[in-house]
Every structure is written in structure tokens, then in C-alpha cells.
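The structure appears below as C-alpha cells.
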Amino acid sequence: MILFGRRFRPFSITSFRTKLTLVSVLCILLPALVTLVVYNLLTRDAVKEQAVSGAKQTLELIDGHVSNTLEYMTYLLNYIQEDIDLKMALKQLNDTVYSEDRLTNEQYTTGSVVRYKIDSLTAAGESVYLTIVLPNGMYFTNYPAYEYAPARILKEPWLRQANGVYGYHSYWPGTLPTQFLSEKGRNPYQLTVVRALRNQSSDNSTIYAYVVVTIMESRIHRYFERLAAGQEVMLLDRDDRVLSHTDAGHIGTDFAYLKQAEGEPERDIVRRDGTDYLISQHPISFSVNGWKLVSLTPYRTAVTKINAIFQNVFLFQLVSFVLFFILLMVALRAFTKPLVKLDKVAVEVQKGDLSVRSSIRGMDEIGRLGKSFDGMLERISDMIEEITQTQARKRKAELSMLQAQINPHFLFNVLNSIRMKVLGRGDRESAEMIASLSKLLRMTIQDQGSIPLHDEVETVIDYMKLMNMRQKETAVLEVDIAPEVYLERVPRFFLQPLIENALIHGLNQQAGTVFLEASPEEADLIRIRVRDTGQGMDAEKLERLRRRLSALPGEEAAGPDKKGFSSIGLSNVYERMRMTFGERFRMVIDSTEGAGTVITMYIPKQEEAEPHVQGHAGG
1 MILFGRRFRP FSITSFRTKL TLVSVLCILL PALVTLVVYN LLTRDAVKEQ AVSGAKQTLE
61 LIDGHVSNTL EYMTYLLNYI QEDIDLKMAL KQLNDTVYSE DRLTNEQYTT GSVVRYKIDS
121 LTAAGESVYL TIVLPNGMYF TNYPAYEYAP ARILKEPWLR QANGVYGYHS YWPGTLPTQF
181 LSEKGRNPYQ LTVVRALRNQ SSDNSTIYAY VVVTIMESRI HRYFERLAAG QEVMLLDRDD
241 RVLSHTDAGH IGTDFAYLKQ AEGEPERDIV RRDGTDYLIS QHPISFSVNG WKLVSLTPYR
301 TAVTKINAIF QNVFLFQLVS FVLFFILLMV ALRAFTKPLV KLDKVAVEVQ KGDLSVRSSI
361 RGMDEIGRLG KSFDGMLERI SDMIEEITQT QARKRKAELS MLQAQINPHF LFNVLNSIRM
421 KVLGRGDRES AEMIASLSKL LRMTIQDQGS IPLHDEVETV IDYMKLMNMR QKETAVLEVD
481 IAPEVYLERV PRFFLQPLIE NALIHGLNQQ AGTVFLEASP EEADLIRIRV RDTGQGMDAE
541 KLERLRRRLS ALPGEEAAGP DKKGFSSIGL SNVYERMRMT FGERFRMVID STEGAGTVIT
601 MYIPKQEEAE PHVQGHAGG
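For the sequence shown, position 528 matches number 528 in full-length UniProt numbering, and the numbering has no gaps at all.
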């Protein structure tokens with residue numbers, strides 16, 4: 001907005017609370033004004049849409065009841081067709097010769113099964129007329145014979161269409177004049193469905209029975225009267241012929257107004273007898289081919305009712321706007337109060353006071369922001385203290401390193417002189433021991449941070465020779481290094497502490513074997529494993545060792561007992577490797593009491609590694 005831009009900088013608003021208030025007011029006022037302008041333009045269409053939507057919902061509600069009734073009629077057909085006892089009985093009876101005047105014992109006994117089944121089937125459900133007619137003229141019903149002569153069904157003209165329907169499909173003749181004597185006075189029309197039951201064998205698909213289910217049409221139009229007050233609702237077939245209507249005079253007539261509707265096919269306005277009607281249609285969800293519900297609502301009536309609702313709602317919105325606007329102003333001041341306080345705290349921090357805190361807490365974003373801000377100040381203070389301590393330790397370590405480099409230079413030169421004199425006297429074994437010690441000292445005074453793996457292995461071999469000289473029993477070092485990793489660069493002296501631990505703590509300075517293996521691993525890693533055949537450790541000691549390696553950096557190597565060359569320690573190696581390779585470095589320790597200890601390290605290749613400060617240790 002220009003108000004907040006540089007053009008009117010002298011009048012720019014710097015308070016977030018004021019900006020939020022102005023934006024909130026504008027966001028409320030502008031839509032309200034626009035609504036007032038366009039309301040009259042959109043009211044007519046909105047009213048029409050709402051009326052159509054209401055009619056559509058009414059039709060959907062009626063559809064649920066009508067479909068349930070039609071589904072129940074189909075359920076009776078399916079039950080009779082699937083029931084094994086009924087199927088066998090009907091087939092058996094159809095194979096007999098039927099005489100209405102005289103029933104055989106077989107026909108009577110088997111017929112009793114059928115009568116019992118259909119009486120049980122229709123006793124608890126909705127009121128329906130169920131008729132089963134066999135091609136030989138025999139029939140069964142759930143109503144008295146004087147109501148209707150079932151044998152007449154075989155002469156009905158619609159039975160021919162039923163003969164052309166197979167399987168679970170049924171034929172719906174539509175609405176027919178009522179045939180039942182007791183219903184003719186009250187219900188002039190009935191709704192009927194018929195299904196032909198056939199043998200399922202491939203060489204015999206003859207019909208062995210017809211099942212006819214009938215309800216009164218009045219049951220359908222009673223749904224219209226109960227659920228669609230003020231609307232004219234009717235049920236049409238696929239040819240737009242009226243199947244059910246509250247006015248029986250319309251049943252069987254053609255409803256031509258659907259074809260007159262313009263615009264969308266499912267809803268529009270039609271004119272009948274000089275009056276505009278809102279028309280809406282909805283297909284029956286039950287799978288009857290092309291049947292649909294249609295409603296006609298007088299347009300004036302629909303507009304009057306819904307328009308009154310719109311006006312009342314608009315008046316309510318106007319009053320609500322005034323009230324909620326006042327509440328909004330109060331709420332904005334309350335919500336932004338913590339932000340104002342947080343701003344004051346930020347100003348104090350900017351001045352250099354890191355001890356100040358906002359003390360803002362809550363479950364919303366501002367509360368979390370205040371908590372995070374205070375936590376950030378705490379972490380900054382801790383980081384300043386940690387950096388101060390780290391710098392002090394770093395200066396101390398640099399001084400110790402400088403002092404440590406003086407003695408090895410002197411000792412290296414003296415040892416070389418001694419080795420030459422011993423070799424001159426013919427004591428080759430002692431000369432080799434002195435040479436190993438000399439090479440070991442040479443490695444300590446080198447400035448290289450990393451060396452080839454084969455140099456590190458040579459250093460370990462020399463160290464092993466020296467350790468065997470001081471021990472009573474000889475330990476064997478078995479080396480298995482894959483050629484692919486010989487030239488990979490690794491930190492200096494990272495293997496020596498592991499070999500030392502294997503000799504002193506694993507083999508307990510006794511005879512045994514230490515295995516050193518190195519091979520390439522997936523994802524540009526090198527796997528290095530140090531394994532001994534020593535005493536191992538129990539599960540409790542192993543878990544304690546793993547927890548110690550997972551401690552914070554610097555805790556294990558900070559004590560005064562870690563300054564000696566041979567006591568660098570396993571934790572020191574883990575910390576060095578973690579600082580060098582970061583999170584990609586892993587150290588896995590496994591041990592079995594009486595079977596030895598295995599330390600496996602996964603090291604990234606040196607050309608891809610970068611210094612980090614974190615890693616993993618686990619088992």
C-alpha cells in the first residue's frame with residue numbers, strides 16, 4: 001500500500017499494532033461495502049440456486065425412501081430365487097400335473113414348504129402382495145385367493161416382456177390399475193415387478209416359476225406428501241410417463257415439461273398454465289432403468305421464502321459486524337500486548353543486556369515465540385561460555401603439543417645412535433626393536449593430520465613388536481588389508497589405541513591373536529575391524545562402555561591421565577574420528593565374555609570427508 005511506502009515516508013506507520021488494526025478494519029469494511037453494492041445484482045440468482053438446492057435435497061431424501069421400497073421388492077425376488085428349499089420345491093411342483101380341484105399328497109406336502117417360506121418372508125416386512133405362479137397353473141400367495149386370481153398372471157400382456165429377461169434382472173411393468181379387490185376403493189393403482197425363474201443348466205433354461213411382487217402406488221406418493229410439502233413431486237419412467245403422483249389423475253400421462261426446460265438439464269424454470277415453476281429432477285439411485293423423481297415448485301413461493309431468509313441474514317450480519325468490530329479492537333490490543341513486550345526486550349538485548357528475559361509463555365505462536373526467544377538468549381549465553389572454555393582448552397592443548405614435540409626430536413636422534421652401536425655389536429634383534437621404537441617416535445613428530453592406511457598399519461606392526469618385547473608371552477597380529485584401501489588416508493595413530501586395548505584389556509598381556517582387517521564398504525565407506533581372542537566382557541560392562549562413548553565431546557579425554565602416548569584411550573579415538581568425519585563415521589562395539597571383543601569402524605573416504613563435531617557410537 002502507498003500509505004506504508006516510501007512516497008509518504010513522513011506519515012509511515014511503524015507500530016505493528018496500528019498496522020494490524022488498520023488492515024483488519026479494511027479487510028472487514030471493504031467486503032461489507034462490496035457486498036452492499038453487488039447484493040441486489042446477485043440476489044435473484046442466489047435465491048434461485050438456493051431454491052433449486054432445497055428442491056434437490058428434498059428429492060434426494062425422497063429417493064432414499066423410494067429406493068428402499070424398490071430394493072425391498074427386489075430383495076423378495078432374490079430371496080425366492082436363491083433359497084435352495086424353495087428352488088427345489090418349485091421345480092418339483094412344476095414337474096407335476098396340477099389340478100385346482102384336487103392336489104396330490106406330494107403337491108400338498110411340497111406346497112406347504114413354499115407357503116411356509118413366503119408367509120415367513122413377508123410377515124415382518126412392509127406390506128406387499130407376493131405371488132408365485134408356476135407354468136402348470138399352480139400358484140402360491142401371501143393373500144387370500146378371493147383378492148385376486150393368480151392364474152390370470154399367465155395371461156397378462158406384460159408377461160411376454162418378463163420372459164425376455166434373464167438371470168437376476170427383473171421386469172417392471174410400471175404403474176397398473178389395482179387388481180386386488182380390497183384395495184380398489186382406496187388405491188386405484190399398483191406398482192408391480194416380475195421375475196422369471198429359470199433352470200441354470202446350459203441345455204435347459206426353461207422357466208419353472210414366475211415371482212410377482214406388488215405394492216400400492218399410494219405408498220410411493222405418501223413419501224411425496226410427507227417430505228415435500230409445498231412441492232409437486234412425481235415419479236417418471238424413462239419415457240417421462242408418470243408412475244406415481246399425489247393426484248391419481250396424472251398417473252399414466254406424459255410429463256412434457258422436462259423437454260421444455262432450457263439451460264441445465266437437471267434444473268430450470270418452466271411455465272405451466274401461466275405460472276412459472278422451478279423444476280428439478282433426480283435419478284432414482286436404485287437401478288431401475290431411467291426412473292427419476294421430478295419436483296415442481298412455484299417460483300414466486302420459492303423466491304419469497306428464501307429471499308426473506310436472505311434479508312434476515314443480511315440484517316443479522318450487519319448487526320454482528322458492529323459488535324464483532326468492537327470485540328476485534330479489544331482482542332487485537334490483548335493479542336499484540338506480548339509483541340510490544342517482546343519488542344522492548346529485543347531493544348534491551350540490542351544494547352548488550354543478555355540477562356533480560358521476556359517471560360512470555362502460551363500455547364499460541366506468540367507464546368512459542370517468546371519461549372523460543374528466551375531459549376535463544378539462554379543458548380547464546382551458554383555458547384559464549386562454551387566458546388570461552390573451548391578457546392582456553394585449545395591454547396592449553398597447543399602448548400602441550402609444543403612441549404611434547406621437543407622430547408621426541410631429542411629421543412629420536414639418540415635412539416638412532418644407540419641402534420647403530422647395537423647393530424655394530426651384532427645384536428640384530430635389539431637393533432630391530434630400537435628401529436621400531438624410532439619409527440614410532442618419528443610418527444609422533446610429523447605434522448601431517450592424515451597418512452595412508454598402509455603407513456598406519458606399519459606403525460601398528462612396530463608397536464606390536466615393542467609390546468611383545470615387554471610381555472612374557474607373545475601375541476600375534478594377523479593383518480588382512482584389501483588392496484583397494486591401502487592408499488586411503490586416515491588420521492594418525494587411530495589404530496594404536498585399539499591394538500593397545502586388545503593387548504592389555506582383551507588378552508590381558510597374555511598369548512593370543514589380534515586380527516586387523518580393512519576392506520571397502522558400500523556408499524564410499526571403509527570398514528576397519530579390530531578383533532581379539534581375549535577374555536571379552538559381560539553385557540553390563542559392554543553397555544557402560546557404549547554409554548561412555550556416547551558422552552559429550554571432551555569428557556573422556558579431558559582428565560590428566562590421558563596425556564601419555566599409550567593411554568590415549570578408546571574414547572579419544574572415537575572423539576577424534578567423530579571430529580574428523582562427522583556423522584558419517586560410526587563405531588560399533590560387540591563383545592562376548594570368554595570369546596573376545598570386536599570393534600568395527602565405518603570411515604568415509606578422506607577425499608569426501610569434512611571436519612565435523614558429531615558422530616555415532618553403538619552396538
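Just so you know, even glycine gets a beta-carbon here, dropped at the ideal spot from N, CA and C. These figures come from a predicted structure and were not determined experimentally.
**Prompt:** Going by the CB atoms, is the gap between residue 520 and residue 482 shorter than 9 angstroms?
**Reply:** Residue 482 sits at position 482 when you count from the first residue of the sequence shown. Residue 520 sits at position 520 when you count from the first residue of the sequence shown. Against a cut-off of 9 angstroms, the Cβ pair of residue 520 and residue 482 comes out as a contact.
**Asked** Which one of 190, 272, 287 has the shortest CA to CA distance from residue 252?
**Response** Stepping through the sequence shown from its first residue, residue 252 is reached at position 252. Of the listed residues, the one whose Cα sits closest to residue 252 is 190.
**Message:** Considering only their Cβ atoms, is the gap separating residue 234 from residue 218 smaller than 9 angstroms?
**Reply:** In the sequence shown, the residue the question calls residue 218 occupies position 218. In the sequence shown, the residue the question calls residue 234 occupies position 234. Contact: no.
**Prompt:** So which of 97, 381, 605, 600 has the shortest CA-CA distance to residue 524?
**Reply:** Translated into positions along the sequence shown, residue 524 becomes position 524. Nearest of 97, 381, 605, 600 to residue 524, Cα basis: 605.
**Asked** For the candidate residues 549, 503, 542, whose alpha-carbon lies nearest to that of residue 532?
**Response** One-based indexing of the sequence shown puts residue 532 at position 532. The option with the nearest alpha carbon to residue 532 is 503.
**the segment 89 to 99 in contact with the segment 312 to 326 per 3-pair CB rule at 8 angstroms** = Too few Cβ pairs lie closer than 8 angstroms, so no.
**Message:** Could you compute how far the alpha carbon of residue 26 sits from the alpha carbon of residue 32?
**Reply:** Residue 26 sits at position 26 when you count from the first residue of the sequence shown. Residue 32 sits at position 32 when you count from the first residue of the sequence shown. CA-to-CA, the gap between residue 26 and residue 32 works out to about 10 angstroms.
**Request:** Could you say which of 547, 579, 580 lies nearest to residue 588 if we only look at CA atoms?
**Result:** Taking the first residue of the sequence shown as 1, we reach residue 588 at position 588. Ranking 547, 579, 580 by Cα distance to residue 588 puts 547 first.
**Prompt:** How far does the alpha helix (DSSP H) with residue 162 in it reach, from first residue to last?
**Reply:** If you number the sequence shown from 1, residue 162 lands on position 162. From DSSP, the alpha helix (DSSP H) with residue 162 extends over 159 to 163.
**Asked** Comparing alpha-carbon positions, which option in 134, 175, 165, 140 lies nearest residue 155?
**Response** Here the question's residue 155 lines up with position 155 in the sequence shown. It is 134 whose Cα lies nearest to the Cα of residue 155.
**Item:** Alpha-carbon to alpha-carbon, residue 497 and residue 571
**Value:** Translated into positions along the sequence shown, residue 571 becomes position 571. Translated into positions along the sequence shown, residue 497 becomes position 497. Using only the alpha carbons, I get a separation of about 9 angstroms.
**Message:** Across the segment 108 to 128 and the segment 166 to 184, are there enough close Cβ pairs to call them in contact, namely three or more that are closer than 8 angstroms?
**Reply:** As far as the Cβ criterion goes, the segment 108 to 128 does not touch the segment 166 to 184, which means the pair count is below three.
**Message:** Measuring straight from C-alpha to C-alpha, what distance separates residue 207 and residue 221?
**Reply:** Looking up residue 207 in the sequence shown gives position 207. Looking up residue 221 in the sequence shown gives position 221. Using only the alpha carbons, I get a separation of about 34 angstroms.
**Asked** Roughly how far, in whole angstroms, is the beta-carbon of residue 211 from the beta-carbon of residue 198, given that I think they are within contact range, below 8 angstroms?
**Response** As a first step, residue 211 is located in the sequence shown; it is residue number 211 there, counting from the start. As a first step, residue 198 is located in the sequence shown; it is residue number 198 there, counting from the start. Going by Cβ atoms, the distance from residue 211 to residue 198 rounds to 12 angstroms, so no, they are not a contact pair.
**Message:** Please state whether the Cβ-Cβ distance between residue 527 and residue 518 is less than 9 angstroms.
**Reply:** Indexing the sequence shown from 1 puts residue 527 at position 527. Indexing the sequence shown from 1 puts residue 518 at position 518. In this structure, residue 518 lies closer than 9 angstroms to residue 527 by Cβ.
**Request:** Report yes or no: is there a C-beta of chain B within less than 9 angstroms of the C-beta of residue 235?
**Result:** You won't find chain B in this structure, because it holds only one protein chain.
**Request:** Would you tell me roughly how many angstroms separate the C-alpha atoms of residue 193 and residue 171, rounded to the nearest one?
**Result:** Here residue 193 corresponds to residue number 193 of the sequence shown, with the count starting at 1. Here residue 171 corresponds to residue number 171 of the sequence shown, with the count starting at 1. Separation of residue 193 and residue 171 (C-alpha to C-alpha, rounded to the nearest whole angstrom) is 6 angstroms.
**Request:** Could you pull out every residue in the same chain whose Cβ sits closer than 7 angstroms to the Cβ of residue 205, ignoring the five residues on either side in sequence?
**Result:** Residue numbering aside, residue 205 sits at position 205 when the sequence shown is read from its first letter. For residue 205, the CB contacts under 7 angstroms within the same chain, skipping 5 residues up- and downstream, are 198, 199 in chain order.
**Asked** Quick one: what does DSSP say residue 244 is sitting in, helix, strand or coil?
**Response** As a first step, residue 244 must be located in the sequence shown, where it is residue number 244. If DSSP states are grouped into helix, strand and coil, residue 244 belongs with the strands.
**Asked** How should residue 586 be labelled, buried or exposed, when 16 other C-beta atoms within 10 angstroms of its C-beta is the threshold for buried?
**Response** Your numbering for residue 586 matches position 586 in the sequence shown. By the 10 Å Cβ count, residue 586 comes out buried.
**Message:** Please state whether the Cβ-Cβ distance between residue 342 and residue 377 is less than 9 angstroms.
**Reply:** Stepping through the sequence shown from its first residue, residue 342 is reached at position 342. Stepping through the sequence shown from its first residue, residue 377 is reached at position 377. It is not a contact, given that the beta carbons lie outside the stated cut-off.
**Message:** Taking the straight line between their C-alpha atoms, what separation do you get for residue 75 and residue 284?
**Reply:** Residue mapping note: residue 75 aligns to position 75 of the sequence shown, counting from 1. Residue mapping note: residue 284 aligns to position 284 of the sequence shown, counting from 1. Going from the Cα of residue 75 to the Cα of residue 284 covers about 17 angstroms.
**Request:** Report the residue from 469, 472, 473, 477 whose alpha carbon sits nearest the alpha carbon of residue 461.
**Result:** Numbered from 1 along the sequence shown, position 461 holds the residue referred to as residue 461. The alpha carbon of residue 461 has as its nearest neighbour, out of 469, 472, 473, 477, the alpha carbon of 477.
**Request:** Please classify residue 358: does DSSP put it in a helix, a strand, or coil?
**Result:** As a first step, residue 358 must be located in the sequence shown, where it is residue number 358. Note: residue 358 maps to coil in three-state DSSP.
**Asked** From residue 326 to residue 28, what distance separates their C-alpha atoms?
**Response** Indexing the sequence shown from 1 puts residue 326 at position 326. Indexing the sequence shown from 1 puts residue 28 at position 28. Spanning the two alpha carbons is a distance of roughly 12 angstroms.
**Item:** Beta carbon of residue 361 nearer than 9 angstroms to that of residue 370
**Value:** The count along the sequence shown starts at 1 and reaches residue 361 at position 361. The count along the sequence shown starts at 1 and reaches residue 370 at position 370. Yes, these two residues count as a Cβ contact at 9 angstroms.
**Prompt:** Counting Cβ pairs closer than 8 angstroms, one from the segment 270 to 282 and one from the segment 291 to 301, do we hit at least three?
**Reply:** yes
**Request:** Look at the alpha carbon of residue 559 and the alpha carbon of residue 541, and state the distance between them as a whole number of angstroms.
**Result:** In the sequence shown, counting from the first residue as 1, residue 559 sits at position 559. In the sequence shown, counting from the first residue as 1, residue 541 sits at position 541. Since pLDDT at residue 559 reaches only 42, below the 50 mark, its modelled position is unreliable, and the value read off the structure follows with that caveat. One C-alpha to the other measures close to 21 angstroms.
**Asked** According to the Cβ coordinates, are residue 366 and residue 335 closer than 9 angstroms?
**Response** Position 366 of the sequence shown, counted from the first residue, corresponds to residue 366. Position 335 of the sequence shown, counted from the first residue, corresponds to residue 335. Cβ atoms of residue 366 and residue 335: closer than 9 angstroms.
**Message:** For residue 56 and residue 282, which I take to be in contact (beta-carbon distance under 8 angstroms), what is that distance rounded to the nearest angstrom?
**Reply:** Reading the sequence shown from its first residue, position 56 is the one you call residue 56. Reading the sequence shown from its first residue, position 282 is the one you call residue 282. The pair is a contact, with the Cβ atoms about 6 angstroms apart (cut-off 8 angstroms).
**Message:** Please report the straight-line C-alpha distance between residue 363 and residue 331, rounded to a whole angstrom.
**Reply:** Here residue 363 refers to the residue found at position 363 when the sequence shown is read from its first residue. Here residue 331 refers to the residue found at position 331 when the sequence shown is read from its first residue. Their backbone Cα atoms lie some 17 angstroms apart in a straight line.
**Asked** Using the beta-carbon count (16 or more within 10 Å), is residue 10 buried or exposed?
**Response** Translated into the one-based positions of the sequence shown, residue 10 becomes position 10. Residue placement at residue 10 is poorly supported in this model, since its pLDDT is 47, which falls under 50; the coordinates still yield a value, given next. Exposed, because fewer than 16 other Cβ atoms sit within 10 Å of the Cβ of residue 10.
**Buried/exposed call for residue 387, threshold 16 Cβ in 10 Å** = Against the sequence shown, residue 387 aligns to sequence position 387. Counting Cβ neighbours within 10 Å, residue 387 comes out exposed, since fewer than 16 surround it.
**Request:** Give the straight-line distance between the Cα atoms of residue 511 and residue 543, rounded to the nearest whole angstrom.
**Result:** By 1-based counting over the sequence shown, the position of residue 511 is 511. By 1-based counting over the sequence shown, the position of residue 543 is 543. Their Cα atoms are separated by approximately 27 angstroms.
**Message:** Rounded to the nearest angstrom, what separates residue 475 and residue 509 at their Cα positions?
**Reply:** In the sequence shown, residue 475 corresponds to position 475, counting from 1. In the sequence shown, residue 509 corresponds to position 509, counting from 1. Answer to the nearest angstrom: the Cα atoms are 8 angstroms apart.
**Message:** With DSSP as the reference, identify every bridge partner of residue 233, one or two as the case may be.
**Reply:** Taking the first residue of the sequence shown as 1, we reach residue 233 at position 233. 295.
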